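So the structure is just underneath, and the comments pick up after that.
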Amino acid sequence: MRPISVGLLTAILDKFEKSPDPELPGHLLLEQYQAQLVSAVRTALDASSGPILLEAGLQLATKIMTSGVLGGDQVAVKRIFSLISRPLNDFKDVYYPSFAEWVSCQIKIRLLAAHASLKCYTFSFLRRHHSGVPDEYLALLPLFSKSSSILRKYWIGVLKDYSYICLCLDAKKNWNPFLDGIQSPLVSSKVQLSLEESWPVILQALALDAIPVNTHGDSKA
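Mapping of the sequence shown onto the working numbering: residues 1280 to 1500, in sequence order.
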């Protein structure tokens, strides 16, 4: 599996994720390719994968989990969640000595963005008062609870780093970076695009922990 192949699958999902299946009313066209998509994610997120393939795999996993193409498959949802959780458990050890320093930062940003995207997608169902959380995602809620404290810490760390390098804060001299090496102008310039793409969803995921969700449809001031 090559990174360009995984990237192509992500592009296909971007283009056809909402296309209906002409032969199966009420279903999406890409649901029938679910097995192939999950297999690609499993290969890309293998522990032996290089960082370029891993990054592509994280982006594909995020797209699959937030597009609806899994079609109610609880096993597939749990499998992909398990795959993106594995590197989170070894977050501080994510390092690739054979690659440039910024590569490790990039992987960490993509990983945290993947978890943030999945959390926002799942919790969005709770905010739709006319519908509940699909069963396949309902099973993830306890898992979110278990990882929320560590994710919250990591998300805040990334947002602080983004603030320092993008907003040019005067307190930069007192900066204790969360991502190793990001204080280097070269490293920060390499990961700035991924930070700009990721910070909104990371901030939204953090806000979900701060604002209670009303699942009954009534609101109180």
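Ideal placement from N, C-alpha and C gives every residue a C-beta, glycine not left out.
Small disclaimer: the values here were computed from a predicted structure and weren't measured.
- The residue from A1379, L1419, C1384 with its alpha-carbon nearest to that of V1354 is L1419.
- With fewer than 16 other beta carbons inside 10 angstroms of its own, Q1315 counts as exposed.
- Per the C-alpha coordinates, the member of Y1416, Q1483, R1321 positioned closest to L1438 is Q1483.
- The shortest CA-to-CA distance from S1467 to any of A1486, Y1441, E1476 is the one to Y1441.
- Separation of the CB atoms of V1470 and I1388 is rounded to 6 Å, and the pair is thereby assigned contact status at 8 Å.
- Less than 8 Å separates the beta-carbon of M1280 from that of T1322.
- The continuous alpha helix (DSSP H) containing V1320 extends over residues 1313-1323.
- Residue state for L1422 is assigned as helix, using DSSP reduced to three classes.
- Straight-line spacing of the CA atoms in I1444 and L1397 works out to 26 Å.
- DSSP links P1464 through a beta bridge to no other residue.
- Looking at L1391, P1479, S1424, A1319, the one whose alpha-carbon comes closest to that of K1371 is L1391.
- In this structure, the alpha-carbon of P1413 lies about 26 Å from that of N1368.
- Where Y1400 is concerned, the enclosing alpha helix (DSSP H) starts and stops at 1380-1405.
- Sequence-distant partners of V1356 (beyond 5 residues in either direction) whose C-beta falls short of 8 Å from its own C-beta, in its chain, are M1344, L1349, E1415, Y1416, A1418, L1419.
- Here L1332 is buried, its C-beta having at least 16 other C-beta atoms within 10 Å.
- If you ignore the 5 residues before and after S1298, its C-beta comes within less than 6 Å of the C-beta of L1308, all in its own chain and listed in chain order.
- Distance between F1378 and D1325, taken at the CA atoms: about 18 Å.
- Apart from sequence neighbours up to five positions away, the residues of its chain that approach W1478 with a beta-carbon distance below 8 Å are V1437, L1438, Y1441, ordered along the chain.
- L1446 sits exposed, since fewer than 16 C-beta atoms from the chains shown fall within 10 Å of its C-beta.
- CA-CA distance, P1282 to Q1385, rounds to 15 Å.
- Nearest to G1347 by C-alpha distance, out of F1295, D1459, F1423, is F1295.
- Beta-bridge annotation (DSSP): P1301 is not paired with any residue.
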